[in-house]
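K.L.:
One point on numbering: in the numbering used here, the residue at position 206 of the sequence shown is 241, and numbering is uninterrupted.
Quick reminder that beta carbons are idealized off the backbone N, C-alpha and C, glycines included.
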Amino acid sequence: MFNEQDFLINIVDNYHKKNSIIEQIKMDKNKLILWGCGDLAKVVLKYLRKNKINLTACVVDFSVEENEIFDNIPVLSRRKLREKNEYYSVIIGHSHYDKEKEIIQEKNIEKVYAITSICYDQEKIIPYDFIIKHKDEFQKNFELFDDKKSKENMCAYFNARINDDFKYILDCDISEKTYFNNDVFKLSECESFIDIGAYNGDTIKMFLNAVNNKYEYILALEPEKNNYKELEKYISKEKIKNIDTLNIGTWNKNKKLYFNIDETSGSSIVKKESKQVIVVKMLDNICKSKKVTLIKINFLSGVLETIEGAAEILKTQTPKLAIVVGFDEWSLLKIPLKIKEIQPNYKVYLRYNSAMPARLVLYAVKKEEKVN
Numbered sequence: 036m037f038n039e040q041d042f043l044i045n046i047v048d049n050y051h052k053k054n055s056i057i058e059q060i061k062m063d064k065n066k067l068i069l070w071g072c073g074d075l076a077k078v079v080l081k082y083l084r085k086n087k088i089n090l091t092a093c094v095v096d097f098s099v100e101e102n103e104i105f106d107n108i109p110v111l112s113r114r115k116l117r118e119k120n121e122y123y124s125v126i127i128g129h130s131h132y133d134k135e136k137e138i139i140q141e142k143n144i145e146k147v148y149a150i151t152s153i154c155y156d157q158e159k160i161i162p163y164d165f166i167i168k169h170k171d172e173f174q175k176n177f178e179l180f181d182d183k184k185s186k187e188n189m190c191a192y193f194n195a196r197i198n199d200d201f202k203y204i205l206d207c208d209i210s211e212k213t214y215f216n217n218d219v220f221k222l223s224e225c226e227s228f229i230d231i232g233a234y235n236g237d238t239i240k241m242f243l244n245a246v247n248n249k250y251e252y253i254l255a256l257e258p259e260k261n262n263y264k265e266l267e268k269y270i271s272k273e274k275i276k277n278i279d280t281l282n283i284g285t286w287n288k289n290k291k292l293y294f295n296i297d298e299t300s301g302s303s304i305v306k307k308e309s310k311q312v313i314v315v316k317m318l319d320n321i322c323k324s325k326k327v328t329l330i331k332i333n334f335l336s337g338v339l340e341t342i343e344g345a346a347e348i349l350k351t352q353t354p355k356l357a358i359v360v361g362f363d364e365w366s367l368l369k370i371p372l373k374i375k376e377i378q379p380n381y382k383v384y385l386r387y388n389s390a391m392p393a394r395l396v397l398y399a400v401k402k403e404e405k406v407n
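(1) Let me check one thing: in DSSP terms, what residues is residue 180 bridge-paired to?
(2) Within the continuous beta strand (DSSP E) that includes residue 228, where are the two ends?
(3) Among 68, 378 and 365, whose alpha-carbon lies nearest the alpha-carbon of residue 196?
(4) If we call anything under 8 Å between Cβ atoms a contact, is residue 94 one with residue 111?
(5) For the pair the region 37 to 48 and the region 159 to 178, tell me if three or more CB-CB distances fall below 8 Å.
(6) Assuming residue 231 and residue 341 form a contact by the criterion Cβ under 8 Å, report the distance between their Cβ atoms to the nearest whole angstrom.
(7) Count the other CB atoms within 10 Å of the CB of residue 225; is the residue buried (16 or more) or exposed (fewer)?
(8) State the Cα-Cα distance for the pair residue 77 and residue 207, rounded to the nearest angstrom.
(9) Along the beta strand (DSSP E) that carries residue 279, what are the first and last residues, could you check?
(10) With residue 361 and residue 192 assumed to form a contact (beta carbons below 8 Å), what rounded beta-carbon distance in angstroms separates them?
(11) Using 8 Å for Cβ pairs, my map puts residue 343 next to residue 373. What's the rounded Cβ distance?
(12) Put residue 398 into one of helix, strand or coil per three-state DSSP.
(13) Less than 8 Å separating the beta-carbons of residue 424 and residue 398?
(14) How far does the beta strand (DSSP E) with residue 312 in it extend, from its first residue to its last?
(15) So, residue 214 versus residue 357, is the Cβ gap smaller than 8 Å?
(16) Taking 8 Å as the cut-off, decide whether the C-beta atoms of residue 125 and residue 153 are in contact.
(17) I need the DSSP call for residue 414, collapsed to helix, strand or coil.
(18) Express the C-alpha separation of residue 146 and residue 140 in angstroms, rounding to a whole number.
(19) Indicate the three-state DSSP secondary structure (helix, strand or coil) for residue 97 in the structure shown.
(20) Residue 263 and residue 282 look like a contact to me (Cβ under 8 Å); what is the Cβ gap, rounded to whole Å?
(21) Are the beta-carbon atoms of residue 355 and residue 317 separated by less than 8 Å?
(22) Taking its Cβ as the centre, do 16 or more other Cβ atoms sit within 10 Å of residue 128, making it buried, or is it exposed?
(23) Are the Cβ atoms of residue 331 and residue 238 separated by less than 8 Å?
(24) Within this structure, are the beta carbons of residue 390 and residue 132 separated by less than 8 Å?
(25) Run through DSSP, which three-state label would residue 255 get?
(26) Using only CA atoms, which one of 248, 249 and 233 lies nearest to residue 280?
(27) Just grab the DSSP bridge partners of residue 123 for me.
(28) Does residue 331 come out as helix, strand or coil in the three-state DSSP assignment?
(29) Using alpha carbons as the reference points, say which of 169, 371, 257 and 70 lies closest to residue 137.
(30) Cutting at 8 Å between CB atoms, please list the residues of its own chain near residue 326, excluding the five before and the five after it.
(31) If contacts are defined as beta-carbon pairs under 8 Å, then residue 385 and residue 188 qualify, I think. What distance do you get, rounded to the angstrom?
(32) Could you please give the first and the last residue of the uninterrupted beta strand (DSSP E) stretch that includes residue 162?
(33) Tell me residue 284's beta-bridge partners as DSSP assigns them.
(34) From what residue to what residue does the beta strand (DSSP E) around residue 112 run?
(35) In this structure, does DSSP put residue 42 in helix, strand or coil?
(36) Can you list, in chain order, the residues of its chain whose CB lies under 7 Å from that of residue 278, leaving out five sequence neighbours each side?
Set out below in C-alpha cells:
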C-alpha cells in the first residue's frame, strides 16, 4: 500500500537481485529486433552497439517499402513480422513503454525489453545509496506535492531508475498528455508563452494546437545553432505571428558557457571546454517588462539555474510552469523546493507525458488556478 507521508518507505531496492536489462538482452537466445525507427530509436541503437549487441531488424507499425533500412538495419512492417516463422525478442525504441503488453501479444514475440534510462546518454541507474544519502531532502520535496498522484509518480520514477525496470511506471496514470493538455491547468486565448529549449519548433506546434492559434505572444529560446535554423525555418514556413526567437540559453547570470552537441543524444551545457560556446542570460533580463503567463523548460542541464534566473518573474507574475524533470536524480532533489522557495503560492504536481522516466514533467500553477 502506498504511503503518502513517508517517501523512503515507498522506495524499493531490488537491483542487485537480478541481471541488468543490458545483461538480460545479451543472454537472450532469440533474434533481437528494435521496435521503432525514430529519434529515440537512434539513441537506443547507439547504446546497443556500444554494448556490442546486434539486431536482426527494426519493426514499425506502418507499411514500408521493400528493402527499406534504418541505419543499415532492415526495416519490417508489423504485418511482415507476423509472417516470419521464428521467435524474436523486442527492444522498445520509442517512449511508449506501455505498449509492452500489446507487443508481447504478437505470436512470435517471446520477450520485450525497455531500457529505462536512455535519453541524453543518461544510461546509469540511480544508486539506492544516493537516495539514502539525501533522504531528508527527498522527503521535503515529496511533501511539497499537492496530490497523491504526484507522490506516486515521484516514487515510481525512482523505483524505475534504481531498479532499471520501467514497469514501476506502468502502475501510474500514463494516459497521453502534453505540456498543454493535462489535468493541472488550462490555457486561455491570452497566453504569453516562453519556450525554453525550443528545439525545432515542435513544442510551439503543440502550443498552437492547444490554443487554436489564439494567444498574445511567444518567445522561443534555442541555443544550438542548427536547431535554431530549423526553428526559424518552421516559423517562416508556418507564418507564425507575434513570435520572437533568440539563439541563446538561460542561466542564473549573463555569461558564456560551453555547450556539448550530440546528434542522437541531445545537447547540454558542460563544465569543460567543447566545440561550441553559447550565450546564456537570465530570463528576468530577457523578459524585462514582458508579460509572462506560461513557461516550458526542456533540456538536460541548467534547469535549476534557469529557475533561479527567472526568480523575479515567478515572484511577480507566477506563470504556469511545465518543466521536464526526468533526466537525472538531481531535478527532483532541487527543483520543487526552489520553486516553492521563490514563490510559496505555487502548487506543484508531477505527471508522465508517456510511460518513460524521462517523460516526467513538473507542473506548477497558482493555488487558485488548479483545474481540478
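P.N.:
This is what the structure gives:
(1) Here residue 180 refers to the residue found at position 145 of the sequence shown. According to DSSP, residue 180 bridges with 383.
(2) Within the sequence shown, residue 228 is the residue found at index 193, counting from 1. Per DSSP, residue 228 belongs to the beta strand (DSSP E) from 227 to 231.
(3) Position 161 of the sequence shown, counting from 1, holds the residue named residue 196. Cα-wise, what sits closest to residue 196 is 365.
(4) Stepping through the sequence shown from its first residue, residue 94 is reached at position 59. Stepping through the sequence shown from its first residue, residue 111 is reached at position 76. Yes, the Cβ-Cβ distance between residue 94 and residue 111 is below 8 Å.
(5) yes
(6) Here residue 231 refers to the residue found at position 196 when the sequence shown is read from its first residue. Here residue 341 refers to the residue found at position 306 when the sequence shown is read from its first residue. Right, the Cβ-Cβ distance comes to about 6 Å (below 8 Å), so this counts as a contact.
(7) Counted from its first residue, the sequence shown places residue 225 at position 190. It is exposed - the Cβ of residue 225 has fewer than 16 other Cβ atoms within 10 Å.
(8) For the purposes of this step, residue 77 is identified with residue 42 of the sequence shown, where counting begins at 1. For the purposes of this step, residue 207 is identified with residue 172 of the sequence shown, where counting begins at 1. Their backbone Cα atoms lie some 27 Å apart in a straight line.
(9) As a working note, residue 279 is residue 244 in the sequence shown. Element bounds for residue 279: 278 to 281.
(10) Counted from its first residue, the sequence shown places residue 361 at position 326. Counted from its first residue, the sequence shown places residue 192 at position 157. Indeed they touch by this definition, with Cβ atoms about 6 Å apart.
(11) Sequence index remark: in the sequence shown, residue 343 carries index 308 (1-based). Sequence index remark: in the sequence shown, residue 373 carries index 338 (1-based). So it is a contact: roughly 7 Å between Cβ atoms.
(12) Translated into positions along the sequence shown, residue 398 becomes position 363. Reduced to three states, the DSSP call for residue 398 is strand.
(13) The structure shown does not extend to residue 424, since the chain is modelled only from 36 through 407, so no value can be given for it.
(14) For this step, residue 312 is matched to residue 277 along the sequence shown. Element bounds for residue 312: 311 to 316.
(15) Taking the sequence shown and counting its residues from 1, one reaches residue 214 at position 179. Taking the sequence shown and counting its residues from 1, one reaches residue 357 at position 322. Taking 8 Å as the Cβ cut-off, residue 214 and residue 357 qualify as a contacting pair.
(16) Against the sequence shown, residue 125 aligns to sequence position 90. Against the sequence shown, residue 153 aligns to sequence position 118. No, the Cβ-Cβ distance between residue 125 and residue 153 is not below 8 Å.
(17) Summary: the structure shown does not reach residue 414, with the chain confined to residues 36 through 407, and so no result is reported for it.
(18) Translated into positions along the sequence shown, residue 140 becomes position 105. Translated into positions along the sequence shown, residue 146 becomes position 111. Each residue's alpha carbon lies about 10 Å from the other.
(19) Translated into the one-based positions of the sequence shown, residue 97 becomes position 62. Three-state result, residue 97: coil.
(20) Residue mapping note: residue 263 aligns to position 228 of the sequence shown, counting from 1. Residue mapping note: residue 282 aligns to position 247 of the sequence shown, counting from 1. About 5 Å; that satisfies the 8 Å criterion.
(21) Within the sequence shown, numbered from 1, the residue matching residue 355 stands at position 320. Within the sequence shown, numbered from 1, the residue matching residue 317 stands at position 282. Not a contact, by the Cβ cut-off of 8 Å.
(22) The residue you call residue 128 lines up with position 93 of the sequence shown. Flag for residue 128 reads buried.
(23) In the sequence shown, the residue the question calls residue 331 occupies position 296. In the sequence shown, the residue the question calls residue 238 occupies position 203. Yes, the Cβ-Cβ distance between residue 331 and residue 238 is below 8 Å.
(24) Locating residue 390 in the sequence shown gives position 355, counting from the first residue. Locating residue 132 in the sequence shown gives position 97, counting from the first residue. Going by C-beta atoms, residue 390 is nearer than 8 Å to residue 132.
(25) Position 220 of the sequence shown, counted from the first residue, corresponds to residue 255. DSSP places residue 255 in strand when its eight states are reduced to three.
(26) Residue mapping note: residue 280 aligns to position 245 of the sequence shown, counting from 1. Here the closest residue by C-alpha is 233.
(27) What you label residue 123 is simply residue 88 of the sequence shown in a count that begins at 1. Residue 123 is bridged to 66 and 144.
(28) Numbered from 1 along the sequence shown, position 296 holds the residue referred to as residue 331. Here residue 331 sits in strand by DSSP.
(29) What you label residue 137 is simply residue 102 of the sequence shown in a count that begins at 1. Of the candidates 169, 371, 257 and 70, the one whose C-alpha sits nearest the C-alpha of residue 137 is 70.
(30) On the sequence shown, position 291 is the one that residue 326 refers to. Around residue 326: 227, 251, 252 and 352.
(31) By 1-based counting over the sequence shown, the position of residue 385 is 350. By 1-based counting over the sequence shown, the position of residue 188 is 153. Confirmed, Cβ separation roughly 4 Å.
(32) Taking the sequence shown and counting its residues from 1, one reaches residue 162 at position 127. No beta strand (DSSP E) holds residue 162; DSSP gives it neither H nor E.
(33) For the purposes of this step, residue 284 is identified with residue 249 of the sequence shown, where counting begins at 1. Looking at the DSSP assignment, residue 284 forms a beta bridge with 315.
(34) Walking along the sequence shown from the start, residue 112 turns up at place 77. Counting along the chain, the beta strand (DSSP E) containing residue 112 begins and ends at 108 to 112.
(35) For this step, residue 42 is matched to residue 7 along the sequence shown. Three-state result, residue 42: coil.
(36) As a first step, residue 278 is located in the sequence shown; it is residue number 243 there, counting from the start. Hits under 7 Å: 253, 255 and 270.
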